[in-house]
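These notes concern the structure reproduced below.
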Amino acid sequence: CSKGCVDKDDTNPTIDKIAATDMILFATPVYWWGMSAQLKLVIDKCYCRGLQLKNKKVGTIVVGGSPVDSIQYELIDKQFDC
Ligand SMILES: Cc1cc2nc3c(=O)[nH]c(=O)nc-3n(C[C@H](O)[C@H](O)[C@H](O)COP(=O)(O)O)c2cc1C
């Protein structure tokens, strides 16, 4: 698991780059009250690299059509907290 996902696709080099950074800034449009499928795919691939990503600073940029007081932003924020 620490060597990366057993599924050898193009995401492993991307996760290597993420693991080498001090801070990660995720950006996504809101799709159906959540992050985009494209970003979710990368985050899912981080699962087996959890220890390497622990304690990194994380920022998010989330853009949606709904007003900023919509609960969807809180939900997405909580997902990133987790
Ligand atoms: C499939 C799809 C689902 C979307 N779902 C939401 C949503 O749940 N909430 C929301 O605020 N905006 C939603 N949007 C709007 C996008 O967040 C918006 O298009 C995106 O932030 C880009 O902004 P723009 O269309 O003004 O360029 C959705 C857009 C698409 C294409």
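Quick note: the sequence shown, position 45, residue 45 per our numbering, numbers continuous.
Glycine is no exception: its CB is placed at the ideal position from the N, C-alpha and C atoms.
Length of the line joining the Cα atoms of residue i and residue j
i	j	result
V63	A27	8 Å
A20	G59	16 Å
I35	L51	Checking the sequence shown, residue 35 turns out to be Met, not Ile. Going by the C-alpha atoms only, they are around 23 Å apart.
T11	C5	9 Å
I76	C82	10 Å
K78	P13	27 Å
E74	D9	32 Å
Cutoff 8 Å; reference residue i; Cβ partners in own chain excluding five residues on either side
i	result
C46	I15, I18 and L53
I61	L25, F26, A27 and T28
F80	F26, V58 and T60
Residue nearest to residue i in terms of C-alpha spacing, selected from the options
i	options	result
D7	A37, V42 and V30	V42
P92	W33, N12, R49 and D81	Nothing can be reported for residue 92: it is not among the residues displayed for the chain, which extend from 1 to 82.
Y31	C82, P13, Q72 and D77	Q72
Close-in-space but distant-in-sequence residues of the same chain around residue i (CB under 6 Å, 5 per side omitted)
i	result
K56	I24
Residues of its chain near residue i, where Cβ-Cβ distance is below 7 Å and the 5 sequence neighbours each way are ignored
i	result
L39	F26 and T28
At which residue ranges does the stretch 19-69 contain complete beta strand (DSSP E) runs of 3 or more residues, listed in the order of the chain? 23-29 and 57-63
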